[in-house]
Structure formats: C-alpha cells, structure tokens
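Protein sequence lines correspond, in order, to chains A and B.
For the first sequence, the working numbering assigns the number 249 to the initial residue and increments by one for each residue that follows.
For the second sequence, the working numbering assigns the number 25 to the initial residue and increments by one for each residue that follows.
Before any comments, here is the structure.
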Amino acid sequence: MKVDAKDVAVEFHDLTVSYDKKPVLWNIDMTLPKGALIGIIGPNGAGKSTLIKSAMGLLPLSSGYVRIFDKALDDVRRWVSYVPQRETVDWDFPTSVLDVVLMGRYARLGLLARPKKEDKEIAMNCLQKVGMEAYSKRQISQLSGGQQQRVFLARALAQEADLYFMDEPFAGVDAATESAILEVLQELTAQGKTVIVVHHDLQSAAEFFDWIILLNMRLIASGPIDQVFTNEYLQEAYGGKLTVLSEVSELIKKRRLPSREKY
Amino acid sequence: MEVLIEFFSFQDPNVVSVVVGAILLTASSAVVGTFTFLKKKALVGDAVAHAVLPGICLAFLLSGNKNPFFLIVGAFITGWISLVLVDTITARSKLKEDTAIALILSVFFGLGILMLTYIQHTGNAAQTGLQSFLFGKAAALVGQDLWVFGIVAVILIVTVVLFFKELTLIAFDEHFAHAIGLPVRGLNLLLTSLTVMAVVTGIQAVGVVLMAAMLITPAAAARFWTDDVRLMTFLAALMGAFSGLSGAFVSYTAPTMPTGPWIVMIISMIAIFSFFFAPARGIISNTVRQRNQQAQIMQENLLKELYRLGEKEENHFQERSVQELIEKRHFPKRPLKAALRQLKRRGYLTHHHGLWQLTQNGKAKGRRVVKLHRLWELYLSKYMKIEPDHVHEDAETIEHVITPELEAQLEALLDYPEVDPHDSKIPY
Ligand SMILES: Nc1ncnc2c1ncn2[C@@H]1O[C@H](COP(=O)(O)OP(=O)(O)OP(=O)(O)O)[C@@H](O)[C@H]1O
Ligand SMILES: [Mg+2]
C-alpha cells in the first residue's frame, strides 16, 4: 500500500540495493512529502539504514534512482543532511564537541577554507538548540550516549539543510533527551523542512510521526500515519511476531494515544 | 662532550644540512603519520615502507645511478602497487586486510632484498650507499639529495596543513564527509599518496625496516598529551623532529653507524615516557589520581562516621581515640591514621594527647556527606522504586561524587525531606 505525496521532497524510483550482489532492498518505489516528520519502521535487518544510505549516495544502486526536490542528489547535496548511526564513529577521536558541530559547516566552507567566527556562532547556536552549549569544549569521549546523539543532531542542524536523513537518533536516549530531540525535529518541520528518521519503538512512532514507511526488504506501506499504522500492515512488516502490535494499532485507530511520562 | 659542542655549534656546513634534512624528514613523516594513525592504518604504513625497497632497487638498476629523483619515482610506484594489491586482495578474496598486508609486505620486501643482493654482486661502484636504505643514513643527506628530499618534506607538511580539516573529517567520519559531498575518494587517494611520499623520503633517514615506526610512533606518543588533533599533529612533528636531530648527531659522530635504529629508539623512548607520565592519559597520573580519590573517599567516610557517632551520642565534639574508632566503625588501622593526619592538616580535625575531635568545618563536612547519603537513599526508593533495604550500598558510592549543583537539584526535587527511607533524620 502506498500513498503518493502531493508536494514531493524525495522520490524513490524502483530502487534495488544489494550488498555483494545479494539484494537487501527490492523495488522500493514511493514519494515522500515536504515538511513532514517521516518515520522509517521495520524489524532488524529490514534495510532501513540501507535505504537512507542509498538515498545519500553512500551505496551503489543496483537499479532505479533517487531524486530529491526533483533533482539529482549531487545538485542538491548542500540542502541535504545526514545523521549516521552513532556507533559508526570512534568517539575516542581527539576532537571537541564544538569541532564536531563545525563539521556541519564544511560543505559551505568548501575545500581549504577555515571556519570563521560566524560559523562558530552558528555552531554554538545549534548546540544550544539541543541543550549542549555547556559542553562545547568537552572532548567527545567524555559524552554519554544521549549527549553524543545530540552532538550529531547539532552538527546536522549546523548544515542548515532542507532535508534531513537520520539513522536512529532516538536509540538509547532517556525520556528527557527523547523529548528534547523530538522538539528540535518538530521545530524543523514547522519551518517546512523535511525530516526522515529511522525508528525502532512502535509505541513512540505512533506519537512522533506524520508519515510512516513500513519496510521489510521491500516496501510494505508508505503513507500518512492513520492509513499505514494498522494491524494488517504492521503484522505484514513484522511477520506477526509482535503481540503488542494489535494493541498499539487499536490505540492508533482510536487516536487515543497515551500521553507518555516525560520524566 | 667536545663532539657535542662541535656538532651544535653548527660550524661544519655539512652538519647544518644533515640536521635540517633529518629534522624535515622525520617531522614530515610524523605529520603525515598522524593521519595514518587516526585512520587506524598503521599496518598499511608498514606495508608501504617495505614495499618501496624493490622500487628503489629497480630505479637504480634501470638508471645506473643514485639520482634521488629516479629513486623516488621507483619507490613511489612499487609503494602504490603494494597498496592497490592489498585492497584488491581484501575486496576479492576471503583474506582479511591484515593477512593481505602481511602477504604483500613479505613478498615485496623479499623481492627488494633479492635485488639489493644482486646489485651488490654486480660490483657497481655507485651502489655503495644503497645499503643505507635498509637502516637509514642521515649523514648521507647532502647536496642534491638534501634539496630533493627537503622540498618533498616541505610539500608534505604544507599539503597536510592545507587539507587539515578535510583529512580530519575523513579520519573521524567518512560517511558524513561523503554525505556532505566532499571528494572522499580523492582525499583518501591524497592521504595514501602522502603516506607513500612520507615513507619514500623518510627512509633516507630511518631506513625501510623501521620506517613504519617513524610514521606511527610520534602520533601515538602525542596522543597521550592532548585531546586536540591540531595540537596532536604539532606535538608529533616536534617529537619526530627531536628524534631526527638526535639521529643526525649520531650519524655525525659515528659515520658507520646506521641512523634509523637510533632515531626510532629515541622516538620510542619518548612514547614510553608519554605512556607513563603524560598528565591526563598516562599510567602514572591515572594511578595517582585513583589513589587520591581513594584517600578522599576514606576521609569523607571518616568525617561521616564521626558525625554519625556525634549524632548518636548527641555530642559532635566528643574527643575520640584511634582505638575507639576502630572498635566502633571497623576502619583499617593504617589508612585510618593517614586519613586522620590528612584531615587535621586540612583543618577538619584537631588532635590533643592522642585524642581526635571534629572542628566546626569538619562537622559541617561530615553533615554534608550524611545528608547526601540519606538524600540519595530517598531518591532511589522514591523515584527508582528500589526497596529501602537495597539502597544503602549504592548511596555509599554516590555520596562521594555528587556535585553541589546536583545536591541542590536533589534537595529541590525531593523538597527538603525530613527523613530518609530508614527514618533517619536528614541533617541540613
Ligand atoms: N556492509 C554490508 N555488507 C553486507 N551486507 C550488509 C551490509 N550492511 C548491511 N547488510 C545486510 O543488509 C540487510 C539490511 O541491513 P540494514 O543495516 O539496512 O538493516 P536495518 O534495517 O538498518 O537494521 P537495524 O534495525 O538492525 O539497524 C541486513 O540483512 C544486513 O545483514
Ligand atoms: Mg540500521
């Protein structure tokens, strides 16, 4: 099941991606709307990370293409931001929080140029948005997991992009950090920016997102949350393994989402 | 001693050129090596270092002389081929990178030694000195050689400085670099070329066999002193330069002695020294810090127990003997005495006729620890729903780490409670 977006931010056209010739994503074909908070949901190994990596041009495509704002990725890179899974980097690297956030400015600076005072101000601003300004001089190995996540988020904000791909920004963060991050993401979509997030927790997914992509090696469903977040599609994506599913989707149907404890 | 003075007076123009050359070569290797180190490619550096030998020999065989330009080109070519082969083997076969590296390294180095032996047997007069590529000979850095290798070294350093932010980014987060549109392939190619060039020039001073150490060791040593890549690169260069200088000195005083082992020995000593003595990350400072922490915990516990005894007997300024403290609170004797003396020095206790007494400051400090202990117990049982009989152990550690800010937060959050989960009064 898929719903076509009216105002298209990203178009996946018949995309197939393989590792060592073994396809892990089959014929993904969908359009995603501008200005929405979009969740990519699916079990482990469903190809969620693969999907956003291929959208960012980090993997070779076996077939199909991705267009962003109706252009090829290389023409709009400056407006697209990517937040990798936090485990992909070595946090013992000799650098400070502020320096990491400044990396978000490199695309604008171009080769050889150094960050200017203005870039530092923007970086500090972004740190403030994620509540990490007090940590700007910290060495990054002295951060907790949730703080690392927020530093990555700040780096993405510093890019001042229009489209954000984020790989599990909510993974392993506490409730307070979760709501802080969510607030930042909602602020972005309120400004008309598009945010696409890989997410694991079904219950909170029901509250966070406007639009849901259900994935399990192929596209199960893509569309507004109330049409996609149903028992049927969730069962299809998760292979009927989850018993909470029916409960969750019942809740969604009634739109009586439980207000979660924030602290 | 005389030699030392003679050397450092720089009267002999040869000394100047050898010193400048050795410093440039080792510093540039260290600067480039910093990124090899940060990218965790130390083994790759080793493979390149060994793989340049057949290139050098081949260049010599084809040109018939020791023109540095030909040697560099030859070394560069086989150095590169070895890296391409390592990559191909890793990508196309089931062999892992380390195995591929070991394989390539030994094949290329063996080939190099074979050619070197052959050249020696041909009796070509110009070949004297080719041997020094094995273990380095800083004293040979004169005339044209100095110019060529010196210029390459300067180019290496300037290139790293120019591309510093890009090289740092691909070392830290290559995916992100790619995502923001940096030419990651090109930059990796650049770094590999820099590594090969650093090896090619560095072997003049250090030799093929120990060159990998010259790339990696300064960076590893510098890492102990700082958490900032810029400073780290600078320190690595400085340490590299120092070892180069000492190598030049050895080469000057004992011309038959190979310089490579000396240089590498000096830089290794710097690394070992850093490993033990660097202020933040060194082993010794870590141990000292841990000791101090333990001592502080002991002292805080002592003040806490004195406060609690005073609480029970309703007299905080009761004088007590060491024996009494051991009987009532089971402190081990020696650490107890050390802690008592330390607390006296810091003005928390007084000591007359073998009896110890809390001062006003000591009482306040003991009260704070008791308060933190009880606040934390309350927090655990109230917010974490932990049984009251399970909270004590945890509070024993936490009471020593809570900062004044956290203390204020806890007080506000719990709204200045009267008693802890065991109904002991919380003192303010
Ligand atoms: N570098 C790789 N080489 C080979 N196979 C890979 C590679 N990366 C991922 N895969 C495979 O591709 C499939 C999809 O992986 P992907 O990381 O996209 O899943 P995911 O949905 O992000 O899972 P998770 O929820 O665990 O993060 C998995 O079966 C995985 O084994
Ligand atoms: Mg993933």
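Built from N, CA and C at the ideal position, the CB exists for glycine as well.
Buried versus exposed call for residue i [16 or more other C-beta atoms within 10 Å across all chains shown]
| i | result |
| --- | --- |
| His446 (chain B) | exposed |
| Glu423 (chain B) | buried |
| Ala75 (chain B) | buried |
| Phe300 (chain B) | exposed |
| Glu337 (chain B) | exposed |
| Tyr354 (chain A) | buried |
| Ile468 (chain A) | buried |
| Glu369 (chain A) | exposed |
| Glu190 (chain B) | buried |
| Asp439 (chain B) | exposed |
| Phe157 (chain B) | buried |
| Val202 (chain B) | Residue identity differs from the one stated: residue 202 (chain B) is His in this sequence, not Val. Buried is the call here. |
| His447 (chain A) | buried |
| Tyr331 (chain B) | buried |
| Tyr142 (chain B) | exposed |
For residue i, the three-state DSSP class (helix, strand or coil)
| i | result |
| --- | --- |
| Glu259 (chain A) | strand |
| Asn464 (chain A) | strand |
| Leu490 (chain A) | Bear in mind that a pLDDT of 45 at Leu490 (chain A), under 50, signals an unreliable position, so the number given afterwards is only what the model happens to contain. Note: Leu490 (chain A) maps to coil in three-state DSSP. |
| Phe418 (chain A) | coil |
| Ala436 (chain B) | helix |
| Pro271 (chain A) | strand |
| Val27 (chain B) | helix |
| Arg386 (chain A) | coil |
| Tyr313 (chain A) | strand |
| Thr102 (chain B) | helix |
| Met256 (chain B) | helix |
| Met474 (chain B) | What the structure shows of chain B is the stretch from 25 to 452, and residue 474 (chain B) is not part of that stretch, so it cannot be assessed. |
| His446 (chain B) | coil |
| Thr437 (chain A) | helix |
| Tyr412 (chain A) | strand |
| Leu280 (chain A) | strand |
| Gly319 (chain A) | According to the sequence displayed, residue 319 (chain A) carries Lys and not Gly. Reduced to three states, the DSSP call for Lys319 (chain A) is strand. |
| Gly287 (chain A) | strand |
| Leu373 (chain B) | strand |
| Trp249 (chain B) | coil |
| Pro78 (chain B) | helix |
| Ile426 (chain B) | coil |
| His447 (chain A) | strand |
| Ser117 (chain B) | coil |
Proximal chain A residues relative to residue i, where beta-carbon distance stays under 8 Å
| i | result |
| --- | --- |
| Gly205 (chain B) | Asp322, Arg325, Arg326, Ala355 |
Proximal chain A residues relative to residue i, where beta-carbon distance stays under 7 Å
| i | result |
| --- | --- |
| Leu193 (chain B) | Met351, Tyr354 |
Per-residue contacts from residue i into chain B (C-beta, under 7 Å)
| i | result |
| --- | --- |
| Leu359 (chain A) | Glu190 |
| Tyr330 (chain A) | Phe200, Ala203 |
| Val337 (chain A) | Phe196, Asp197 |
Proximity below 8 Å, CB of residue i to CB of residue j
| i | j | result |
| --- | --- | --- |
| Met221 (chain B) | Val176 (chain B) | yes |
| Phe418 (chain A) | Val331 (chain A) | no |
| Tyr372 (chain B) | Asn385 (chain B) | yes |
| Leu239 (chain B) | Gly57 (chain B) | yes |
| Val42 (chain B) | Leu165 (chain B) | yes |
| Ile289 (chain A) | Ile461 (chain A) | yes |
| His397 (chain B) | Ala419 (chain B) | yes |
| Leu411 (chain A) | Trp327 (chain A) | yes |
| Ser297 (chain A) | Asp415 (chain A) | yes |
| Pro359 (chain B) | Met322 (chain B) | yes |
| Asn162 (chain B) | Ala229 (chain B) | Position check: residue 162 (chain B) holds Ala in this sequence, whereas Asn was assumed. Taking 8 Å as the Cβ cut-off, Ala162 (chain B) and Ala229 (chain B) qualify as a contacting pair. |
| Val178 (chain B) | Gly103 (chain B) | no |
| Gly79 (chain B) | Gly98 (chain B) | yes |
| Trp286 (chain B) | Ser270 (chain B) | yes |
| Gly264 (chain B) | Pro282 (chain B) | no |
Under 8 Å by beta carbon: chain B residues contacting residue i
| i | result |
| --- | --- |
| Gln387 (chain A) | Asp251 |
| Thr343 (chain A) | Thr192, Phe196, Asp251, Asp252, Val253 |
When you check each C-beta in the region 286 to 309 of chain A against every C-beta of chain B, which residues fall closer than 9 Å?
Lys301, Met304, Gly305, Leu306
What are the residues of the region 157 to 190 of chain B that lie near chain A, defined by any Cβ-Cβ distance shorter than 8 Å?
Leu186, Phe187, Lys189, Glu190
Determine which residues of the region 248 to 264 of chain B have a Cβ less than 8 Å from any Cβ of chain A, and write them out in chain order.
Thr250, Asp251, Asp252, Val253, Met256
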